[in-house]
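Numbering (our numbering), first residue to last: 56 to 217.
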């Protein structure tokens with residue numbers, strides 16, 4: 056596990072370095088409690104997404120896990136429309152349908168031995184990964200209100216690593 060420690064150390068170092076370079080570290084004391092809450096929740100969602108994703112990779116086929124995980128794009132757009140009142144144009148709606156259809160086509164191809172061995176549990180973990188990834192974006196968007204983005208990223212990264 057030394058590689059994981061070095062990788063995590065690098066991520067947290069550079070996240071806080073960017074916050075320092077941007078000059079936003081000095082504003083950490085002025086972050087509203089609501090923003091703290093949503094930044095922490097976003098970091099927890101990121102960690103949960105990673106845990107689900109790597110569990111799914113461990114028991115399923117990469118060529119099935121990755122497309123389902125990336126379908127978080129569709130869910131994120133839909134959640135943004137519902138909770139953040141973002142607009143949904145005809146073109147964006149068509150894109151959502153295409154992404155969803157493409158994901159379905161990629162996971163419905165012939166079953167390989169890895170997916171058959173694991174049953175459908177890979178799909179549950181991958182769906183969890185996609186849901187938590189979507190929540191990461193939505194919660195992060197809410198939490199970053201009034202917080203410089205580099206500082207928000209550094210805080211979220213710290214939460215993920217803890």
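Where is the CB? At the ideal position from N, CA and C, for every residue including glycine.
Hey, how far is the Cα of residue i from the Cα of residue j?
i: residue 177; j: residue 146; result: 32 angstroms
i: residue 170; j: residue 149; result: For residue 170, the pLDDT reaches just 45, beneath the cut-off of 50, and the residue's location in the model is therefore unreliable, although a value from the coordinates is still provided. Those two C-alpha atoms are separated by around 30 angstroms.
i: residue 134; j: residue 184; result: 15 angstroms
i: residue 68; j: residue 162; result: 38 angstroms
i: residue 82; j: residue 98; result: 19 angstroms
i: residue 115; j: residue 214; result: 28 angstroms
i: residue 174; j: residue 117; result: 14 angstroms
i: residue 89; j: residue 208; result: 16 angstroms
i: residue 109; j: residue 189; result: 17 angstroms
i: residue 130; j: residue 136; result: 10 angstroms
i: residue 182; j: residue 122; result: 10 angstroms
i: residue 87; j: residue 95; result: 12 angstroms
Which two residues bound the contiguous alpha helix (DSSP H) that contains residue i?
i: residue 212; result: 204-216
i: residue 181; result: 176-198
Buried or exposed for residue i, going by 16 or more other Cβ atoms inside 10 Å?
i: residue 205; result: buried
i: residue 211; result: buried
i: residue 194; result: buried
i: residue 180; result: buried
i: residue 142; result: exposed
i: residue 64; result: exposed
i: residue 85; result: exposed
| Residue ranges of each alpha helix (DSSP H) run of no fewer than 4 residues wholly in the stretch 99-167, ordered along the chain? | 117-125, 127-138 and 145-162
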